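Enquirer: Below: one structure in structure tokens.
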Amino acid sequence: MPATCNAWVLKRRPQGRLSRDDFDWQTTELPDPADGQVLVRTLYLSLDPTNRIWASDMDQYMPPVQLGEVMRGGTLGVVEASAHADYQPGDLVQGMWGWASHTLAAGGAGLNKIPHTDGVPLDAYMSVLGATGMTAYFGLLDIGRPEAGETVVVSAAAGAVGQIVGQIAKVKGCRVVGTAGSDEKCRHLVDDLGFDAAINYKTADLDRELAAACPKGIDVYFENTGGPVTDAVLKLVNQNARIPLCGLIAHYNEGDNSEGVRGPNNYQMILMRRVLVKGFIIIDYFPRFAEGIAELGGWLAEGKIKYDTDVVEGLENAPEAVNRLFDGANTGKLLVKCSEK
Numbered sequence: 182m183p184a185t186c187n188a189w190v191l192k193r194r195p196q197g198r199l200s201r202d203d204f205d206w207q208t209t210e211l212p213d214p215a216d217g218q219v220l221v222r223t224l225y226l227s228l229d230p231t232n233r234i235w236a237s238d239m240d241q242y243m244p245p246v247q248l249g250e251v252m253r254g255g256t257l258g259v260v261e262a263s264a265h266a267d268y269q270p271g272d273l274v275q276g277m278w279g280w281a282s283h284t285l286a287a288g289g290a291g292l293n294k295i296p297h298t299d300g301v302p303l304d305a306y307m308s309v310l311g312a313t314g315m316t317a318y319f320g321l322l323d324i325g326r327p328e329a330g331e332t333v334v335v336s337a338a339a340g341a342v343g344q345i346v347g348q349i350a351k352v353k354g355c356r357v358v359g360t361a362g363s364d365e366k367c368r369h370l371v372d373d374l375g376f377d378a379a380i381n382y383k384t385a386d387l388d389r390e391l392a393a394a395c396p397k398g399i400d401v402y403f404e405n406t407g408g409p410v411t412d413a414v415l416k417l418v419n420q421n422a423r424i425p426l427c428g429l430i431a432h433y434n435e436g437d438n439s440e441g442v443r444g445p446n447n448y449q450m451i452l453m454r455r456v457l458v459k460g461f462i463i464i465d466y467f468p469r470f471a472e473g474i475a476e477l478g479g480w481l482a483e484g485k486i487k488y489d490t491d492v493v494e495g496l497e498n499a500p501e502a503v504n505r506l507f508d509g510a511n512t513g514k515l516l517v518k519c520s521e522k
């Protein structure tokens, strides 16, 4: 067992992009668990657009990370030592202990045991069978409510959530159109993940190509980005269209308050087409995760759903790696591999 624990601690509020200078790398002695405590070693750390929000001192859906605290993040780990009856060394657990090589959890607080199934890669529990998959599943099915024959458009479709949203929509019998930031990503969406069409928003005439890809209009728009893609989508929404509002990654680096995020240029189309727009946060669905995991797990086993991971080696690289999300450099779920099981 290592003698030290390494962690990234938030040093200052970011201005624009996250940088290594916003954090301190701290090394502390690794404690032994006291009675009722569990010592966990991190295997994978999830990097997400919301890391940028959590680091900001702004009104958000949970308290921001405070200066001097370990940077928040979703994690998968293995129990190294336990003084708690419910946890044994070798158990796989998920939690939110953040950008740290280890955590010491009192009473198992914040730890969710993973019943690992043989043949299921560990990274699946950080992607399609984790919060990413649940975001896609509940956002699309609970809010988007797609019906067979409808047209579903997904922004950031090659990202962790977007690619799963599109595949669920195909399972439900929809026409699926994705937007992504490169020709290679667009090819992957169509050739490998089964999308009906994909548009490179960086090079395309968005209005023209989106209209060509959606000849019957748009019934569901899974919103991950904001910006020009959303402006183009709203010109094509059908009456009673639904928009699950999952993220606005195009705006997260614009400022540390809500004034940094502008609304769509053609906001009036929401009124004219009676469009439902509903924001959601995946923590709202925690009580229903078993439902989503069961169905997504079935589709995964049947080969109806695939997933990609973009894995960066080493916790020390987390501050630079998170910006892959904002540069569009990742395909699928962005993870940091912190250690071997």
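Under my numbering, the residue at position 92 of the sequence shown is numbered 273, and the numbers go up by one with no gaps. For each residue, glycine too, the CB sits at the ideal point set by N, CA and C. Since this is a predicted model, take the numbers as computed values, not measurements.
(1) Given that a residue counts as buried once 16 or more other Cβ atoms are within 10 Å of its Cβ, and exposed if not, what is D489?
(2) Let's see if you can read the secondary structure: which residues bound the alpha helix (DSSP H) around A312?
(3) Going by C-alpha to C-alpha distance, which of G347, A329, S237 sits closest to R194?
(4) Taking 7 Å as the cut-off, decide whether the C-beta atoms of R423 and L391 are in contact.
(5) Could you work out which residue in F461, I463, T411, E483 is closest to M450 when comparing CA atoms only?
(6) Specify, as a first and last residue, the run of the beta strand (DSSP E) that F403 falls within.
(7) Take S439 and list the residues in its own chain whose beta-carbon comes closer than 8 Å to its own, dropping the five residues that flank it on each side.
(8) Helix, strand or coil for K366? Go by DSSP, reduced to three states.
(9) Which same chain residues, not among the five before or five after L321, have their C-beta less than 8 Å away from its C-beta?
(10) Closest by CA to D304, which one among T223, V358, E250, A378?
(11) Under three-state DSSP, which class holds W206?
(12) Can you confirm whether the region 464–473 touches the region 275–284 when touching is taken to mean that 3 or more C-beta pairs between the two stretches lie within less than 8 Å?
(13) Can you name, in chain order, every residue of its own chain whose Cβ lies under 6 Å from the Cβ of L415, other than the five neighbours on each side?
(14) Between which two residues does the beta strand (DSSP E) containing I261 stretch?
(15) How close, in whole Å, do the beta carbons of S181 and A341 come, if the pair is a contact with beta carbons under 8 Å?
(16) Mind checking A329: buried by the 16 CB within 10 Å criterion, or exposed?
(17) Which complete alpha helix (DSSP H) runs does the region 450–490 hold, if anything under 4 residues is left out?
(18) Below 6 Å CB to CB, which residues in the same chain sit around V492 once its five sequence neighbours on both sides are set aside?
(19) Name the DSSP bridge partner or partners of L322?
(20) Given this structure, state the Cα-to-Cα distance separating R454 from N419, to the nearest angstrom.
(21) Whole angstroms are fine: how far does the CA of P212 sit from the CA of N504?
(22) Using DSSP with H/G/I as helix, E/B as strand and the rest coil, what is V410?
(23) Pull up the CB-CB distance for L387 and A361, whole angstroms please, since I reckon it's below 8 Å.
(24) Report the three-state DSSP secondary structure of T284 (helix, strand or coil).
(25) Might you give, ordered along the chain, the residues of its own chain that have their beta carbon closer than 8 Å to the beta carbon of S520, omitting 5 neighbours on each side?
(26) Give the single residue among K514, G258, A266, I324 whose Cα lies nearest to the Cα of G217.
(27) Can you tell which of K366, T313, Q269 has the C-alpha that lies nearest to the C-alpha of G509?
(28) Rounding to the nearest angstrom, what Cα-Cα distance links Q196 and G249 in this structure?
Expert: The structure says:
(1) In the sequence shown, counting from the first residue as 1, residue 489 sits at position 308. It is buried - the Cβ of D489 has at least 16 other Cβ atoms within 10 Å.
(2) Translated into the one-based positions of the sequence shown, residue 312 becomes position 131. 312–319 is the span of the alpha helix (DSSP H), which, as asked, contains A312.
(3) Stepping through the sequence shown from its first residue, residue 194 is reached at position 13. The candidate whose alpha carbon is nearest that of R194 is S237.
(4) Within the sequence shown, the letter at position 242 stands for residue 423. Within the sequence shown, the letter at position 210 stands for residue 391. Going by C-beta atoms, R423 is not nearer than 7 Å to L391.
(5) For this step, residue 450 is matched to residue 269 along the sequence shown. Closest option to M450, Cα to Cα, is T411.
(6) Numbered from 1 along the sequence shown, position 222 holds the residue referred to as residue 403. First-last of the beta strand (DSSP E) with F403: 399–403.
(7) As a working note, residue 439 is residue 258 in the sequence shown. Its pLDDT being 49, under 50, S439 is placed unreliably in this model, and the coordinates cannot settle the point.
(8) Against the sequence shown, residue 366 aligns to sequence position 185. Correct three-state label for K366: helix.
(9) For the purposes of this step, residue 321 is taken as the residue at position 140 of the sequence shown. Taken in chain order, the residues that qualify are P327, V333, V346, I349, A350, V401, F403, P425.
(10) Here residue 304 is taken as the residue at index 123 of the sequence shown, counted from 1. D304 has its Cα closest to that of T223, out of T223, V358, E250, A378.
(11) As a working note, residue 206 is residue 25 in the sequence shown. It is a strand residue.
(12) no
(13) The residue you call residue 415 lines up with position 234 of the sequence shown. Only P445, N447, M450 meet the Cβ criterion.
(14) Taking the sequence shown and counting its residues from 1, one reaches residue 261 at position 80. First, the amino acid is wrong: residue 261 is Glu here, not Ile. Run containing E261: 256–263, per the beta strand (DSSP E) assignment.
(15) The requested residue 181 does not occur in the structure, where the chain is confined to residues 182 to 522.
(16) For the purposes of this step, residue 329 is identified with residue 148 of the sequence shown, where counting begins at 1. Exposed, since its Cβ has fewer than 16 Cβ neighbours within 10 Å.
(17) 470–482
(18) Position 311 of the sequence shown, counting from 1, holds the residue named residue 492. Once the five neighbours on either side are set aside, the close Cβ partners of V492 are L516, K518.
(19) Along the sequence shown, one-based indexing puts residue 322 at 141. In DSSP, L322 forms no bridge with anything.
(20) Walking along the sequence shown from the start, residue 454 turns up at place 273. Walking along the sequence shown from the start, residue 419 turns up at place 238. So the alpha carbons of these two residues sit roughly 6 Å apart.
(21) The count along the sequence shown starts at 1 and reaches residue 504 at position 323. The count along the sequence shown starts at 1 and reaches residue 212 at position 31. About 32 Å.
(22) Within the sequence shown, numbered from 1, the residue matching residue 410 stands at position 229. If DSSP states are grouped into helix, strand and coil, V410 belongs with the helices.
(23) In the sequence shown, the residue the question calls residue 387 occupies position 206. In the sequence shown, the residue the question calls residue 361 occupies position 180. In fact, because the Cβ distance is near 12 Å, the residues do not count as touching under 8 Å.
(24) Against the sequence shown, residue 284 aligns to sequence position 103. Strand at T284.
(25) Numbered from its first residue, the sequence shown carries residue 520 at position 339. If we look at S520 and ignore the five residues flanking it on each side, its Cβ neighbours are R222, T223, L224, S282.
(26) Residue 217 sits at position 36 when you count from the first residue of the sequence shown. The residue with the shortest Cα to Cα distance from G217 is A266.
(27) Counting from one through the sequence shown, the residue named residue 509 turns up at place 328. Nearest of K366, T313, Q269 to G509, Cα basis: K366.
(28) As a position in the sequence shown, residue 196 is number 15, starting the count at 1. As a position in the sequence shown, residue 249 is number 68, starting the count at 1. Taking the straight line joining both Cα atoms gives about 17 Å.
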